[in-house]
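For reference, the structure discussed in these notes is given below.
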Amino acid sequence: MRRYLAGRLGQAVAVLWAAYTVSFLVLDLLPGDPVSAMAAGGLDQAAIEPAQIEALRREYGFDQPILVQYLNYLGRAVRGDFGNSVATGRPVTSTLADALPYTLQLTAAALVLAVVLGGAVALYATYTAHRWLRQLLMSLPSLGVSLPTFWIGLMLVQLLSFRLHLLPAFGNDGAASLILPAVTLAVPTGAMLAQLLAKSLLTTLDEPYVQTARAKGAGRTRVHLRHALRNAALPAFTMAGILVGNLMAGSVVVETVFSRNGVGRETVSAVTVQDIPVVQGVIVFGASTFVLANLAVDLIYPLLDPRIVVAAAQQRSTG
Amino acid sequence: MHRAPQTTAVRRRLIATLAVAGSIVLTTACGSDVGTAGAADGDAAKAGGTLTFAVGSYAGCVDPQQVGSNDTIYALRQIVDSLTDQDPATGKVVPWLAERWEVSPDARTFTFHLRPGATFSDGTPVDAQAVKDTFDAAPKLGAKAVLAIGYLSGYTGTRVVDDLTAEVSFKQPNAQFLQATSTFSLGLVSSASARKTADQRCTEGIIGSGPFKLEGYKANQSITLARRTGYNWGSSLWRKPGEAYLDKVVFTIVPEAGVRTGSLQSGQVDAIGSVGLADESALQGGGNVDLRARANPGVVFNLGLNNSRPLLRDLAVRQAIQAAINRQEIVNATFPTGSKPATSVLAHTTPLYTDLSAQLAFDPGKAVSLLEAAGWRLGADGIRAKDGTRLSLEVDWFANAATNRPTLELIQQQLKAVGVEIRLRELPIAQITQIQQSGDFDALWGNITRADPDILRSSYSTALANTYRLDPGKLDTVLDEQAATTDTTKRQALVSQAQQLIVENAYVIPVVELTTELGVAKRVHDLDFEASSRIQLHDTWKS
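Quick look at the structure:
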């Protein structure tokens with residue numbers, strides 16, 4: 490187990506390093522640099538003395554060879570120091586630390602909603618005896634997956650905030666302002682979850698052990714929830730890593746539409762002005778989250794499904 | 045070194061200005077050209093309340109000297125006072141923190157006499173030392189302070205003559221500096237703020253002497269201002285003496301245009317910035333919102349031609365492009381109501397602007413005959429060619445205004461009609477400087493907001509950056525002379541001549557004036573534009 494864990498951690502570090510390096514190269518290959526972007530902050534065409542720009546490039550270290558820049562950044566990043574944002578002058582770590590709680594609130598609320606709603610749709614769609622209701626419920630997830638998050642957000646704001654004046658349209662003060670963004674972000678995630686769970690439930694309900702349970706006299710509800718769901722939920726659980734990734738990506742759009750602060754908004758502003766330190770920080774953060782989520786899934790999986798451990802042990806003994 | 049400053053008639057002008065300001069306060073019937081009729085209705089202006097203003101973006105910095113973006117300047121303009129103010133109606137520079145000033149005849153030395161009694165919000169006095177500290181610090185601020193650095197170009201220092209007298213010197217004539225002292229970029233900060241690093245100033249904010257002080261800000265969320273109690277040194281242009289009316293102003297950052305307009309209509313905010321043509325119909329519907337528009341002074345949106353390109357060295361080609369553009373059609377199709385087609389290279393709100401609309405008239409016939417005469421013949425593909433070279437240009441543009449794409453697509457069609465091909469290339473904003481410096485472009489699309497005609501020199505003098513690769517010539521002389529002239533009449537003649545030269549030679553093709561449009565709820569009164577089309581909130585009140 491310890492060797493397994495060490496191996497996985499090693500992989501995680503390699504993934505992080507690769508993400509860091511590739512993104513650094515991509516950002517460096519882009520034409521333009523943060524100094525020019527900043528100097529163009531007035532968003533007009535006023536010309537700046539070339540000498541002035543050169544001096545600033547020197548100040549921020551953008552005049553050094555790419556390898557030197559890379560090693561400098563990497564050396565500090567390993568120690569958890571991603572430098573200062575070029576645009577705001579604040580340390581990248583505190584910029585992200587300030588934004589993170591908002592994104593966590595949003596993604597956590599969306600995840601809960603997605604699991605509850607997606608699970609409910611999948612369960613009821615496979616449970617109901619009405620053919621038309623089943624078909625309606627089964628078609629909801631594909632609709633949810635295909636609607637753009639952006640559009641859902643704007644529609645919800647239009648209706649619930651501008652027309653009915655029920656909820657605020659922007660900001661992140663208080664629980665009321667969390668409802669619309671969380672629902673918007675939960676729709677695609679919940680739909681994905683529902684699709685997967687419904688399919689898996691249908692397969693499981695056909696399995697012989699379910700027949701056995703029925704034959705032994707278990708009620709429909711009991712069979713559905715106790716026997717089928719527990720097995721059917723496993724593939725959905727495997728998706729947790731991807732879901733977390735989806736939620737992070739979705740937060741970029743949702744935070745913009747609902748004017749919320751958060752990691753997504755920071756990402757958008759950093760990319761716009763090629764604020765390399767912040768973009769790098771976001772990438773490492775995103776990659777770590779993804780890696781950790783997947784690692785957590787891998788570690789918890791054997792607890793839920795004993796077959797995994799057995800399979801691993803067998804592999805080891807044969808190999 | 046001692047120079048005898050020329051004493052201008054500033055004192056007389058001060059009295060005149062105060063008299064005008066006073067009469068406006070007394071009669072309250074005039075209002076400004078942009079104010080609401082609130083005060084005129086006999087409604088007594090009411091103190092108190094919070095104004096919520098939704099803007100589209102957040103610059104990530106709360107130092108007015110290091111921010112150029114309008115959305116953030118709206119807030120930060122309120123926390124600093126300037127030495128002078130500029131009348132949006134006349135372009136005249138009038139007293140604010142300086143009650144009078146003298147400019148040396150060579151336009152290299154400016155002596156400001158400060159009004160007594162003004163203080164920064166940390167209690168320290170607004171004195172000559174603060175002027176010196178502010179100006180000494182500004183050029184060292186770095187990339188984000190390009191506006192301030194540009195205004196102070198050639199700055200050699202400030203001499204503290206006495207507590208209330210500061211003498212600012214430059215190594216070359218710098219006539220635009222007087223107007224520059226009225227801008228937010230040269231707003232005075234306390235000596236303590238001036239000692240901070242650029243990054244500290246950005247994150248902690250600065251101590252100003254303005255009618256509001258920075259109460260707090262949340263990145264990507266909001267900037268909150270609170271009224272400065274005891275404020276009593278407002279600009280001579282303001283109608284209300286003493287403190288501002290509003291208790292608080294909250295600038296909320298709402299990136300989505302649709303959400304901004306909806307929030308204004310549903311009463312969740314009091315005013316919004318960056319209203320576009322597409323948002324207008326929604327706002328006009330309810331009847332509870334006023335739209336306010338004012339053209340930004342400075343260089344209008346233009347096709348900045350690269351005059352060193354073989355195709356564009358040909359005067360006939362440049363002039364033909366100038367004549368083939370239907371400016372009114374562009375205004376109608378893509379710009380907010382109230383926008384105007386370009387009638388010079390400067391917008392009509394710029395001081396010393398000259399109306400050259402006759403030379404910028406839409407005349408496709410003229411364009412065709414110019415091109416024919418120069419030997420450009422229509423090819424089978426509808427594009428003209430000469431000696432095997434097609435008349436095809438690439439226009440580079442940046443996504444810094446929503447109107448850019450539709451405008452350029454329309455220009456593309458209009459030029460196609462006379463046989464000129466335009467290829468559009470969108471570039472990231474981070475590349476602007478690089479493109480300008482490398483000269484690797486046919487034409488650049490853009491504008492510059494600046495309320496002084498010296499912007500023509502920064503943009504088109506071949507002695508400076510010379511982005512558009514003009515050949516040295518008469519224009520340089522004229523531009524240098526206007527920068528060295530403090531006599532307004534003489535300067536007017538020179539600036540007119542410069543505009544003439546640029547338009548006649550079609551060095552760049554003026555197209556349309558940038559108009560700033562705000563949506564303001566009817567319960568908000570006297571929310572005024574200042575001379576550079578940003579806002580001033582001292583006189584603003586809510587009923």
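Chains A and B are the protein sequences, given in the same order.
Counting from 490, one number per residue, gives the positions in the first sequence under this note's numbering.
Counting from 45, one number per residue, gives the positions in the second sequence under this note's numbering.
Here a beta-carbon is modelled for each residue, glycine too, at the ideal position from N, C-alpha and C.
All values reported here derive from a predicted model rather than from experimental measurement.
With contact defined as three or more Cβ pairs closer than 8 Å, the region 300 to 315 of chain B and the region 767 to 778 of chain A are not in contact. Across the region 569 to 601 of chain A, CB contacts with chain B closer than 8 Å involve N573, S574, A576, T577, G578, R579, T584, D587, A588, in sequence order along the chain. Taking a C-beta cut-off of 7 Å against chain A, the contacting residues of the region 474 to 499 of chain B are A474, Q475, I476, T477, Q478, Q480, Q481, L488, G490, N491, I492, T493, listed in chain order. Put simply, the CB of A:P539 is near chain B, with a gap under 8 Å to one of its CB atoms.
Here DSSP, grouped into helix, strand and coil, assigns B:S126 to coil. When only Cα atoms are considered, A:R620 and A:F659 end up about 41 Å apart.
Secondary structure note for B:E438: its beta strand (DSSP E) is the uninterrupted segment 436 to 442. Taken through DSSP and simplified to helix, strand or coil, B:D524 comes out as helix. Listed in chain order, the beta strand (DSSP E) elements of length 3 or more contained wholly in the region 448 to 504 of chain B are 465 to 471, 487 to 493. For B:T163, same chain residues with a beta-carbon under 7 Å away, outside a window of 5 residues either side, are P169, V170, S253 in chain order. By the Cβ-count criterion, B:G348 is buried, with 16 or more other Cβ atoms from all chains shown falling within 10 Å of its own Cβ.
In this structure, the straight-line span from the alpha carbon of A:A722 to that of A:H716 is close to 11 Å. Residue range 620 to 635 is occupied by the alpha helix (DSSP H) that includes A:P630, with no beta strand (DSSP E) assigned at that position. By the Cβ test, the region 180 to 191 of chain B is in contact with the region 235 to 244 of chain B, since at least three Cβ pairs between them sit closer than 8 Å.
Of the residues B:V303, B:V212, B:A133, B:I123, the one whose Cα lies closest to the Cα of B:Y275 is B:I123. Counting the other Cβ atoms within 10 Å of the Cβ of B:K90 gives fewer than 16, which makes it exposed. Measuring C-alpha to C-alpha distances from A:L545 to each of A:V524, A:G564, A:Q558, A:L556 identifies A:V524 as the nearest. Put simply, the region 700 to 710 of chain A does not touch the region 633 to 647 of chain A. Fewer than three CB pairs are less than 8 Å apart.
Counting of Cβ neighbours within 10 angstroms places B:K215 among the exposed residues, the total staying below 16. Using a Cβ-Cβ cut-off of 8 Å, A:F774 does not count as an interface residue toward chain B, since no Cβ of chain B sits closer than that to its own. For B:L158, the enclosing beta strand (DSSP E) starts and ends at 153 to 158. One finds A187 in chain B with Cβ atoms closer than 7 Å to the Cβ of A:V524, taken in chain order. Apart from sequence neighbours up to five positions away, the residues of its chain that approach A:A501 with a beta-carbon distance below 6 Å are V780, ordered along the chain.
Put simply, the CB of A:F551 is far from chain B, with every gap to its CB atoms at 8 Å or more. Distance from the CA atom of A:L793 to the CA atom of A:I668, rounded to whole angstroms, is 32 Å.
Taking a beta-carbon distance threshold of 8 Å, B:I369 does not count as an interface residue toward chain A. Membership of B:N114 in any beta strand (DSSP E) is not indicated; the residue belongs instead to the alpha helix (DSSP H) covering 114 to 120. For B:V547, no beta strand (DSSP E) encloses it; the enclosing alpha helix (DSSP H) starts and ends at 532 to 549.
With contacts defined by Cβ atoms closer than 8 Å, B:L390 and B:V343 form a contacting pair. For B:R421, the pairing in a beta bridge is given by DSSP as B:A429. Residue contact with chain B for A:S666: absent (no Cβ-Cβ distance below 8 Å to any residue of chain B).
In this structure, A:A611 sits near A:L690, with a CB-CB distance shorter than 8 Å. Under the 10 Å beta carbon count, B:D572 is surrounded by 16 or more other beta carbons and is classified as buried. Closer than 8 Å to the CB of A:R547 there is not a single CB belonging to chain B. The beta-carbon of A:P520 is placed less than 8 Å from the nearest beta-carbon of chain B. In this structure, the CA atom of B:L396 is about 28 Å from the CA atom of B:A360.
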